[in-house]
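In the working numbering, the protein residues as written are 171 to 357. Heads up, the beta-carbon is just placed ideally off N, CA and C, and yes, glycines get one too. Here the structure is laid out as structure tokens; the discussion comes afterwards.
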């Protein structure tokens, strides 16, 4: 299950070296595809955030500039690669706890990640560009009718579910969720 080829360079070589890990998209969304509101997630799910932290520790997070700015800092224990077309953009909140690299496009971000475990974590444009090469999707289905202004068009049809966990509503998670780990069919 190595990384898929993103294309061939002008010299005939692969533009992106294959990784030994699957490229994983991690996304939380409602049944209608809502993933954001006003540049942030329109929910606060403690159990999901704890699972995200545990599963991504030691890996590389690839995210768009707006997603990085909504977080405001690199997440400890993980390397962050921010994709932006703005060559002058500089990350804020950088300290010794986190490393942030900047890439001009998603393919460059994957190249910078090397053979590390890669997690694609948003936003919508980064998902749109990288979802076709993700071998796995870890989806938190948020069972809510929350209003949002950012949506993701994602179909589970191309993926086989290999783990499913239901999380009921609780005082810390005010809406129920369902977590799916899925692998792309024929990958």
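Beta-carbon proximity of residue i to residue j, cut-off 8 Å
{"i": "residue 233", "j": "residue 296", "result": "yes"}
{"i": "residue 247", "j": "residue 263", "result": "no"}
{"i": "residue 212", "j": "residue 317", "result": "yes"}
{"i": "residue 261", "j": "residue 300", "result": "no"}
{"i": "residue 190", "j": "residue 256", "result": "no"}
{"i": "residue 298", "j": "residue 329", "result": "no"}
Reference residue i; option with closest CA among the options
{"i": "residue 306", "options": "294, 326, 343 and 316", "result": "326"}
{"i": "residue 245", "options": "293, 254, 226 and 294", "result": "226"}
{"i": "residue 336", "options": "312, 318 and 320", "result": "312"}
{"i": "residue 195", "options": "257, 309 and 316", "result": "309"}
{"i": "residue 356", "options": "304, 201 and 316", "result": "304"}
{"i": "residue 251", "options": "271, 284 and 197", "result": "271"}
{"i": "residue 210", "options": "197, 201, 221 and 220", "result": "197"}
{"i": "residue 347", "options": "217, 287 and 224", "result": "217"}
Where residue i falls: helix, strand or coil (DSSP)
{"i": "residue 323", "result": "coil"}
{"i": "residue 311", "result": "strand"}
{"i": "residue 299", "result": "helix"}
{"i": "residue 217", "result": "helix"}
{"i": "residue 202", "result": "coil"}
{"i": "residue 328", "result": "helix"}
{"i": "residue 193", "result": "coil"}
{"i": "residue 351", "result": "strand"}
Expected contact under 8 Å - CB spacing of residue i and residue j to nearest Å
{"i": "residue 229", "j": "residue 320", "result": "About 24 Å; that fails the 8 Å criterion."}
{"i": "residue 253", "j": "residue 279", "result": "5 Å"}
{"i": "residue 168", "j": "residue 274", "result": "The structure shown does not extend to residue 168, since the chain is modelled only from 171 to 357, so the question has no answer here."}
{"i": "residue 352", "j": "residue 332", "result": "7 Å"}
{"i": "residue 349", "j": "residue 221", "result": "7 Å"}
{"i": "residue 314", "j": "residue 345", "result": "4 Å"}
(request) At 4 residues or longer, and completely inside the segment 223-296: list those alpha helix (DSSP H) runs for me, N to C. (result) 235-241 and 276-283
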